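**Student:**
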Amino acid sequence: MAIVNLQNVTYKYPLTDMPALQDINLQVEDGEFLALIGPNGAGKSTLCYTLAGFVPHFFKGELAGTVEVAGMESHNATLSEWVLNVGLAFQNPFNQISGAKYTVFEELAFGLENIGVPRQEMKRRVEDAMRLTGISDLAERSPYSLSGGQQQRVALTSILVMQPKVLVLDEPTSQMDPIGTREVFGVIRSLAEQGMTVILAEHKVEWIAEFADRVVALKDGAILLDGSPADVLTSPVLPEYGFGISRYTSVARRAQEMGFWNGEKLPVTLEEAVDGFASLREKGRG
Amino acid sequence: MRSEINDLHFTYPTGVEALRGISLSIESGEQVAIVGQNGAGKTTLVKHLNGLLQPTRGQVMIGDWNTREHSVAKLASRVGYVFQNPDEQLFSKNVGTEVAFGPKNLGFDGERVQALVKDALRLTELSDKTETNPYDLSVTWRKMVALASILSMDTEIVVFDEPTTGQDAMSVRRIANVIAELRKRGKTVITITHDIDFCAENFERVIAMAQGKILLEGKANDVLGEEEILARTYVDPPQLTRLGKRLGFKNTVRNQEEFLNALKNHWLR
Chain A
42 MAIVNLQNVT YKYPLTDMPA LQDINLQVED GEFLALIGPN GAGKSTLCYT
92 LAGFVPHFFK GELAGTVEVA GMESHNATLS EWVLNVGLAF QNPFNQISGA
142 KYTVFEELAF GLENIGVPRQ EMKRRVEDAM RLTGISDLAE RSPYSLSGGQ
192 QQRVALTSIL VMQPKVLVLD EPTSQMDPIG TREVFGVIRS LAEQGMTVIL
242 AEHKVEWIAE FADRVVALKD GAILLDGSPA DVLTSPVLPE YGFGISRYTS
292 VARRAQEMGF WNGEKLPVTL EEAVDGFASL REKGRG
Chain B
3 MRSEINDLHF TYPTGVEALR GISLSIESGE QVAIVGQNGA GKTTLVKHLN
53 GLLQPTRGQV MIGDWNTREH SVAKLASRVG YVFQNPDEQL FSKNVGTEVA
103 FGPKNLGFDG ERVQALVKDA LRLTELSDKT ETNPYDLSVT WRKMVALASI
153 LSMDTEIVVF DEPTTGQDAM SVRRIANVIA ELRKRGKTVI TITHDIDFCA
203 ENFERVIAMA QGKILLEGKA NDVLGEEEIL ARTYVDPPQL TRLGKRLGFK
253 NTVRNQEEFL NALKNHWLR
């Protein structure tokens, strides 16, 4: 069943002439892990805001078409209903931290306080979520004393405690170190496997290739490609349009031009690249 | 201009010991990347170069200036620092004024200010956006404005804190071009980055930090090949370095040229 259903969605921010989203048609299945890629300005964040109800309820502007998420319809539901089902982690964690709380623990409880969750349950949910994202040791720190990467983990955790059906993440690891990024991607993957629907805007193609079920490439507010990571991420149109691609793909493409690549398909992950080059050597010897 | 850091320790007022004995010298015209896990002390270290932070112990020399003896304003003529988040840095009503602010403040004459601004805007591909309010630009372009406003100060040393964070492929290429141009001009570039592929493709020397200390430092190929040591500071080797290792290449490779060369000339023979 599709938990996200966007039909002919076109959106303009207030006081702008150019639509930020143009005729978007997108269905996302329950439990799917969908990655959004695209150059800056392609509409990734705007699409995230739309899925999370911030467009149009917070940003105003003109929204045409139908936006249905988790059984709600954008034109009818309010933002406060929306947040019970959909969680959004912002691109800049600084914009998300409430500023009203002295410790990370209180910050994480803030959303639950607002929806009136009983104290004991609130405590349990915050502790569980902190354990999941590996920030238990930050509980008593001030959210503002943390590094960018740590703040991003707090921002993500503050969404997870709400246990949303749909998790929308806008470059959630942009300030994290590489292994921290891998850990967080692992957490997101396991949430998807437990049935949470995940929609992730991301530049780190290598991780998308490894973790996402499906990739949508956005360009100038419209969907350019929609398919499996293996198909979308090796499409020759991506580099032409200024999309980042995996180094494995680009080096294999160069090798292919030089006659050093056998397979039809270019690799997107390390394992695929290892297999591809290794088969080349075996053939050469055989 | 040489920078010399000697047994640098720094403890934040909260008691967090962020730097625990850093000694390092960076020669004039070197291009250095600093990598390492979140909280390793990278930003704390570079904030000592322009005096934003003062050592708890040890000293930092920028050329013949001890950073303890000169104000941040004075040090700004030698060390330019581009913040991680451009929004912490931008305040003018248009891009042109923003980029002219630094060189004007350094007391350069009008003609030189104009020339420097023009050059900085050209390098960052902002020439057509002089009249725009920085906050009407996307974060990608605001980052370029932040870069331009430091480049225009024509400092011998330029520090970039996470320049590629949240930037798309085109913008990363633009930043790489700026760094290449600074190299040509003989400027020293010190860059903090988590983007290890960007590091591999643009820097000759790499410093890996962990827990307030230098874990490993040296030529990029030597440092980036040390998978096990890098893992201690939450860094993975670059993609092509990992691929080369997995294929059993004899030497560490870190970019396309090196990879394809090794593939063609050694591995497939």
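Respectively, the protein sequence lines represent chains A and B. The first sequence begins at 42 in the numbering used here and counts up by one. The second sequence begins at 3 in the numbering used here and counts up by one. C-beta: ideal position from N, C-alpha, C; glycine also. Every value quoted in this text rests on a predicted model; they were computed, and no experiment measured them.
(1) Quick one: is E147/A near chain B, going by C-beta distance under 8 angstroms?
(2) Going along chain B in order, which residues have a C-beta closer than 7 angstroms to the C-beta of H116/A?
(3) Is the Cβ of D275/B closer than 8 angstroms to any Cβ of chain A?
(4) What residues of chain B sit near I220/A, judged by a beta carbon separation below 8 angstroms?
(5) So, is the C-beta of Q204/A closer than 8 angstroms to a C-beta in chain B?
(6) How would you call H116/A, buried or exposed, if buried means at least 16 neighbouring beta carbons within 10 angstroms?
(7) Got a sec, what are the start and stop residues for the alpha helix (DSSP H) L173/A sits in?
(8) Under 8 angstroms, with one C-beta from each stretch per pair, do the segment 264–284 of chain A and the segment 210–222 of chain A reach the 3-pair mark?
(9) Applying the criterion that 16 or more other CB atoms from any shown protein chain within 10 Å of the CB defines a buried residue, is G327/A buried or exposed?
(10) DSSP puts W67/B in a beta bridge; with which residues?
(11) At least one CB of chain B closer than 8 angstroms to the CB of V292/A: is that the case?
(12) Output, in chain order, the set of chain B residues within a Cβ distance shorter than 9 angstroms of N81/A.
(13) Pull the bridge partners of S5/B from the DSSP assignment, please.
(14) Per the DSSP calculation, Q33/B is bridged to which residue(s)?
(15) List the residues of chain B whose Cβ lies closer than 7 angstroms to the Cβ of A263/A, in chain order.
(16) Can you tell me whether Y143/A is buried or exposed, with buried defined as 16 or more other CB within 10 angstroms of its CB?
(17) Give me the chain A residues within the contact set of F85/B, using Cβ-Cβ distance strictly less than 8 angstroms, ordered along the chain.
(18) Between the segment 162–169 of chain B and the segment 107–116 of chain B, are three or more C-beta pairs nearer than 8 angstroms?
(19) Should D130/B go down as buried or exposed, given a rule of 16 or more other Cβ atoms within 10 Å for buried?
(20) With distances taken between CB atoms, is the gap from D261/A to E73/A smaller than 8 angstroms?
(21) At the 8 angstroms Cβ level, is R248/B part of the contact set with chain A, yes or no?
(22) Nearest to F103/B by CA position, among T193/B, P240/B, L149/B, E203/B, is which residue?
**Tutor:** Judging by the given coordinates:
(1) no
(2) Within chain B, no residue comes near H116/A; the closest Cβ sits about 28 angstroms away, beyond 7 angstroms.
(3) With chain B represented from 3 up to 271, any question about residue 275/B goes unanswered, as that position is not in the structure.
(4) Q39, A233, Y236, V237, D238
(5) no
(6) exposed
(7) 160–174
(8) no
(9) Only weak support is given to the placement of G327/A: the predicted model assigns it a pLDDT of 48, under 50, and the question is left unresolved by the model.
(10) I64/B
(11) yes
(12) S140, V141, T142, W143, G168, Q169, D170, M172, S173
(13) I28/B, I64/B
(14) V191/B
(15) Near A263/A there are no residues of chain B at all, since even the closest Cβ is about 17 angstroms away, more than 7 angstroms.
(16) exposed
(17) Near F85/B there are no residues of chain A at all, since even the closest Cβ is about 11 angstroms away, more than 8 angstroms.
(18) no
(19) exposed
(20) no
(21) yes
(22) L149/B
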